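Data block below; observations after.
There are 2 protein chains.
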Amino acid sequence: MSERHNRRSPYTIDVVLLTQIKGQLDVLLCRAPPPEGREKWALPWETPRNDESLDGAARRIAKAALGAEPGWLEQIAAFGDGKRHPGDFEISVAFGALVAMGTPSPVGGSYAWFPLGDVPQLFPRQRQMLDGAMSMVRSRMDQEPVAFGLLPQMFTLTELQQTYELLLEKRLHKASFRRALQAAWLVEPIDEWRSEGRGRPAQLYRYAPRKRRPAQRGIRLDLAAAR
Amino acid sequence: MSERHNRRSPYTIDVVLLTQIKGQLDVLLCRAPPPEGREKWALPWETPRNDESLDGAARRIAKAALGAEPGWLEQIAAFGDGKRHPGDFEISVAFGALVAMGTPSPVGGSYAWFPLGDVPQLFPRQRQMLDGAMSMVRSRMDQEPVAFGLLPQMFTLTELQQTYELLLEKRLHKASFRRALQAAWLVEPIDEWRSEGRGRPAQLYRYAPRKRRPAQRGIRLDLAAAR
DNA sequence: TCAATAGTGTCTGTTAGACATTATGGA
DNA sequence: TCCATAATGTCTAACAGACACTATTGA
């Protein structure tokens, strides 16, 4: 065997696993995966196996950390630039993934969820990945219905709206949100209701996208304006 | 010196250089950069030098191929998955770049511009990169004013609209386009006109973005609908 | 003069956001 | 009963798209 095809891959795959816990976005971190002193947390990472696709490796690593496969997974970018990484590899390919809220977590063990506002210090390269994951997810929102990756099979429209608000980082108008939702044919009511403390029970919905002709209206040049 | 820090980088940087020629998008290809038989074209690529950032390497490669630096350059993604590449490296990090139309081309030599509809057969991995570049540029359009990267310093509003139409792959309404442009504070008229054959001469503009409060209106959930 | 392109004003149907109202449960 | 939340109807200002019109050049 040639040296080239036998050696371990000269790069790592790192996965940013995101979920929604108590109205906040959380990221899954692992306690110092390779032997690394003191209290240090890191994104799950590994080197890919032989002849494994990038996506495939990312899925495998996510599954190993989480116990289940994430609903949505996409590459963020390659990172390097001399920034430190738990492994000593020149570059790392980062993936972002969304986990349905309520998915049984890797209890105890060396994994834990951290709210985005309260993430411990990471290796600089992984810190970049986390930031990249957030902007990637946010920018994908207007191209695919990403929010459903954070929700369980059944959800209320209020939960769905809260997830959108969490990702967009802004409040949405209830009536407008529901009208837009109806126009987009993304969800379908099911014959079940959930009572949340006081108030009228909310009907449950499920994600059931229907094919549509692409939206006609809108140039939306405003969004492309200067910062 | 350790073997790790002395060896050549185990990955490549590939650059998708795009420009606008005669109302079409063109990509810059290089005639078989490493000794490779027959008539074969490839995206410009190289391995990064020691301690060079990913962006820096991409800029250097772009400049080597083009003679000038591209106005806009951004990472697309890492590609691998066993797809063939002109170099025999496990992965490649691809960058997309926009070149102002009219930039003096690398005349003769081993470089040439190819219209997107008429690209010769590429190495599979580089074909993926080209497709990735296109969808990346298109998806960035509603986040930053990407179109100006394809235009020279001075341009007419009709040229600007044609560039938008080229990138969006659809016709735009003239009056609406100009209204949106005015609202976005992206351009500024200069005291110069250009006569293009018949008709009334068009005023020239230049890119001069002004800071604005983010657009208020629009949930635009439609765009996130099912395909 | 006509032809061709640049640039602008007005109208109309659509819709985001605001507001108000009804519906339905728990305390 | 009062309160809290769900869900929906109506109004209005903003705006995308259509159309028509004026402006200014070359042929």
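Taken in sequence, the protein lines are chains A and B.
So the first sequence is numbered by the working numbering: it starts at 781 and just counts up by one.
So the second sequence is numbered by the working numbering: it starts at 781 and just counts up by one.
No residue lacks a Cβ here, since even glycine has one placed at the ideal position from N, Cα and C.
Just so we're clear, the structure is a prediction, and the values are computed from it rather than from any experiment.
Taking only the alpha-carbon atoms, compute the straight-line gap between residue i and residue j and give it to the nearest angstrom.
i	j	result
GLY979/B	PRO895/B	29 Å
LEU878/B	MET881/A	40 Å
THR943/A	ARG907/A	23 Å
PHE903/B	ASP831/A	18 Å
ARG959/A	LYS950/A	18 Å
ILE801/B	LEU931/B	11 Å
SER789/B	GLN983/A	56 Å
GLY851/A	PHE928/A	9 Å
ASP861/A	ILE871/A	8 Å
GLU849/A	GLU945/B	40 Å
GLU972/A	ARG990/A	21 Å
ILE841/A	TRP825/A	7 Å
LEU805/A	LEU948/A	12 Å
GLY888/B	PRO900/B	18 Å
PRO884/A	TRP893/A	12 Å
GLY897/B	GLU819/B	19 Å
PHE957/A	GLY803/A	18 Å
GLU854/B	GLY977/B	37 Å
SER1048/A	TRP965/A	An answer regarding residue 1048/A cannot be provided, because it is not within the stretch 781 to 1007 covered by chain A.
ASP835/B	ALA963/A	41 Å
MET921/A	ASP911/B	20 Å
PRO981/B	SER915/A	43 Å
Tell me which same chain residues have a C-beta within less than 6 Å of the C-beta of residue i, skipping the five on either side of it?
i	result
LEU1003/B	A caution first: LEU1003/B carries a pLDDT of 42, below 50, which makes its placement in the model unreliable, though a value can still be read off. Closer than 6 Å at Cβ, skipping near neighbours: no residue.
LYS954/B	none
ALA913/B	VAL796, ILE856, GLY876
THR792/B	TRP825, THR827, GLY867, PHE869, SER872
With residue i and residue j assumed to form a contact (beta carbons below 8 Å), what rounded beta-carbon distance in angstroms separates them?
i	j	result
VAL807/B	PHE875/B	Their Cβ separation, rounded to whole angstroms, is 13 Å, which puts VAL807/B and PHE875/B out of contact at 8 Å.
ARG829/B	PHE859/B	Not quite, the Cβ-Cβ distance comes to about 21 Å (not below 8 Å), so this is no contact.
PRO886/A	ALA838/A	Not really, about 17 Å apart at Cβ, beyond 8 Å.
SER919/A	GLN923/B	6 Å
Quick check on residue i: does DSSP put it in helix, strand or coil?
i	result
ALA963/B	helix
LEU823/A	coil
GLN942/A	helix
GLN923/A	coil
ASP831/A	coil
ARG986/A	strand
THR918/B	Reading the sequence as shown, one finds Arg at residue 918/B and not Thr. Looking at ARG918/B - three-state DSSP - the assignment turns out to be helix.
ARG974/B	strand
ARG980/B	coil
GLN933/B	coil
LEU797/B	strand
LEU952/A	coil
For residue i, which residues of its own chain have a beta-carbon under 7 Å away from its beta-carbon, when the five flanking residues on both sides are left out?
i	result
ARG864/A	PHE903, PRO904, ARG905
MET909/A	ASP794, VAL796, LEU823, ILE856, PHE859, ALA874
ARG811/A	TRP821, SER890
ALA988/B	VAL967, GLU968
LYS843/A	GLU849
Spatial neighbours of residue i within its chain, please: CB distance less than 8 Å, with the 5 preceding and 5 following residues excluded, ordered by chain position.
i	result
TYR985/A	MET934, PHE935, THR936, LEU937, LEU940, VAL967, GLU968, PRO969, ILE970
LEU961/B	LEU937, LEU940, VAL967
VAL917/A	LEU798, GLY876, LEU878, VAL926, LEU947
LEU952/B	GLN941, TYR944, GLU945
GLY847/B	PRO884, PRO886
Is any heavy atom of the ligand COA found at a distance shorter than 8 Å from the C-beta of residue i?
i	result
PHE957/A	Here there are no bound small molecules, and the ligand COA is not part of this structure.
To test your reading of the DSSP string, which unbroken alpha helix (DSSP H) runs of 4 or more residues are found completely within the stretch 844-906 of chain A? Those alpha helix (DSSP H) runs which fall completely within the stretch 844-906 of chain A and span 4+ residues do not exist here.
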